[in-house]
Amino acid sequence: MTRSHPHPASTSTGGTTKNRWTQVGIALAFALVVAGGARIAFELTSTMMTHLALVGAWMMFALGLAYAGVRIRPSLGGALFAGCGIGALLVVFFGGMQMFA
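Okay, so the sequence shown: first residue is 1 according to this note's numbering, each after it adds one.
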């Protein structure tokens, strides 16, 4: 018995990113966007609570951008989430260093 509508097994929703360096570059670029935006949000404010609120809002926005990127282009999902995580670690590390200075 044959199918009336064959389903090809090699069809994917997001395609593949062949070059591993492209994914590394995207992750690093997004990490710099996350960390740079948090730094700008930190510089725009004057009190400690406003610092925390704006940096937290920027981090949530960046995570939302990563999620939207995953929904639009699933093949770059790992790179975007890795970049968001690296950026968050940079914000925590350098933000913590600034608190002790």
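Think of the CB as a built atom: it goes at the ideal place given N, C-alpha and C, for glycine as much as any other residue. Computed from a prediction, not measured in an experiment: that's the story for all the values here.
- If you look at T47, you'll find it isn't in any alpha helix (DSSP H); DSSP assigns it neither H nor E.
- Taking every protein chain shown into account, the CB of L44 has fewer than 16 other CB atoms within 10 angstroms, so this residue is exposed.
- DSSP, read as helix, strand or coil, puts R73 in coil.
- With 16 or more other CB atoms across the displayed protein chains lying within 10 angstroms of its CB, I26 is buried.
- Here the alpha carbon of G36 sits roughly 19 angstroms from the alpha carbon of G69.
- Apart from sequence neighbours up to five positions away, the residues of its chain that approach A31 with a beta-carbon distance below 6 angstroms are G83, I86, G87, ordered along the chain.
- Cβ atoms of V91 and A38 come within 8 angstroms of each other, at about 5 angstroms.
- Of the candidates M49, N19, V33, the residue whose Cα lies closest to the Cα of L89 is V33.
- Residue environment for L76: buried (at least 16 other C-beta atoms within 10 angstroms of its C-beta).
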